Structure formats: structure tokens, C-alpha cells
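Asks: Have a look at this one.
Numbering (the working numbering), first residue to last: 32 to 259.
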């Protein structure tokens, strides 16, 4: 099966993921995370991207982005990935020694209701799920830490307001274990690129964006059984 179409429309909210090539470690030290966050800040400023949530993990990162105009998502993520790769290799004197990222980024569209809250929670809970910290807010390299512990200038310069109000018990909810159903649905959307939302919205979005292939089973169709 070929790749699913790249959706690059403004006004939609996207979950974005990119991993290191061969799952190598991208961030070895605090300075590596700081350097990536500086590039992220520059990318947001250059493209006027509305960044709703993010987390940087040892070998990958997640973003929740809400572009204003068509084409902004690819410009934002493309500049972020290319610039970070160039600076990463320059710092290590390893220019020309292979790819840092595994390839093109993965993304899926999410409905701007409680499904978006589920996606932002999934992103900000990542370090806790990976057992890197005991509480999600303790992970320094995430929008949750910045929202709670960063100074006001940092928050204004990087994070945008969400399309809906953040729940009052947000921190408590992020630290609570997700259901297996939510995790399975999010991981499927990440792998296949299918929209994430309620069934009716998903069906309409799939038709509108031409994403029918993201809902089809992988592999060749099974041969019909004799007598069927």
C-alpha cells in the first residue's frame, strides 16, 4: 500500500510525530533538549504556527499544531526538522554521516472537541507513560512543564490558546492512566494517518480529505474461500 495523502490545510488541528533514524538517541543531554526548543521557538515565530502542545523524548517528539493557512504545517515541520538536523550534526561535527530523522513526519487530523483534549493529554503524558518521571509535569521538555512552570514570556512566545477551554483538573487528568481504547485508537491514527474524532466527523473528514486508504486493512485482500 502506498503512502496516505499528506494533508496540509489550514484551520485544522494536527498531531505530528517524528522519530530518530533507526531509533537512535536524539537528545543525550539537557543542552540537546534546550537546542531543540530554541529551534522550535524559531519555527513557531517564522510560520506564525499555533502550537497547542508538545513533548521531546530521547528519540522522538510530538507536537499538536493548529496552522492558520494552507501549506503552513509542512513549512513549519519541514523547517523545524531540517534546521534541527543541520545544527545537531554541526554541533557533533558529524555533517554527512547520515540522516537524523527516519523520514517524513507522521501526522493526523483531530476533531476540535474532547478528542483534541485526549490528544494533548496523550502528548503531555508521554514521559510518565515511558517511566521517565513519576509525574508528567516533572518532565522539563514539554508544554505541560512550560504551562505550569515556565515564566509568562516563555508561555506567550511559544504556546497558543486552545480552541476550547482547558479542563480545570487538567493536571490530575494528565497524570491519570489512559484507557486501553484511547491508546489503541491514538496509536492506530499515528500509524495510519486516519482522522481522530467521533465516527460521524471521521467519516465526513475522510471523504473531504480523500483519506479512505487510511481506514483500509493493510496487506493484500484475503482470497475468497471456496463455497462462499
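The C-beta atom is built at its ideal place from N, Cα and C for all residues, glycine as well.
This one's a predicted model, so the numbers in the text were calculated from it and none came from an experiment.
1) Below 8 Å between beta carbons: does that hold for residue 206 and residue 147?
2) Given that a residue counts as buried once 16 or more other Cβ atoms are within 10 Å of its Cβ, and exposed if not, what is residue 231?
3) Grouping DSSP H, G and I as helix and E and B as strand, with all else coil, what is residue 91?
4) What are the residues that DSSP puts in a beta bridge with residue 96?
5) According to DSSP, which residues form a beta bridge with residue 137?
6) So, helix, strand or coil for residue 173, using DSSP?
7) Can you give me the Cβ contacts of residue 47 inside the same chain, cut-off strictly under 8 Å, excluding the 5 residues immediately before and after it?
8) With DSSP as the reference, label residue 58 as helix, strand or coil.
9) Going by Cα to Cα distance, which pick from 217, 178, 208, 44 is closest to residue 101?
10) Buried or exposed: residue 98, going by 16 or more other Cβ atoms within 10 Å of its Cβ?
11) Mapping DSSP to helix, strand and coil, what is residue 240?
12) So is residue 208 buried or exposed if we call it buried at 16+ other beta carbons inside 10 Å?
13) Are the Cβ atoms of residue 38 and residue 140 separated by less than 8 Å?
14) Have a look at residue 169 and residue 176 and give me their C-alpha separation to the nearest angstrom.
15) Which one or two residues does DSSP pair with residue 132 in a beta bridge?
16) Within 10 angstroms of its Cβ, does residue 142 collect 16 or more other Cβ (buried), or is it exposed?
17) On a CA-only basis, which of 243, 204, 123, 180 is nearest residue 62? Give me that one, please.
18) Over the uninterrupted alpha helix (DSSP H) stretch that includes residue 150, give me the two end residues.
Replies: Looking at the atomic coordinates:
1) no
2) Burial call: exposed.
3) The three-state secondary structure of residue 91, taken from DSSP, is strand.
4) According to DSSP, which records beta bridges pairwise, residue 96 is partnered with 45, 82.
5) 48
6) When DSSP states are grouped into helix, strand and coil, residue 173 belongs to the strand group.
7) 93, 94, 95, 96, 104, 108, 136, 137, 138
8) coil
9) That would be 44, whose Cα lies nearest to the Cα of residue 101.
10) Counting other Cβ atoms within 10 Å of its Cβ, residue 98 reaches 16 or more and is therefore classed as buried.
11) helix
12) Per the 10 Å Cβ criterion, exposed.
13) Closer than 8 Å, so yes.
14) Using only the alpha carbons, I get a separation of about 7 Å.
15) 51
16) buried
17) It is 123.
18) 145 to 155
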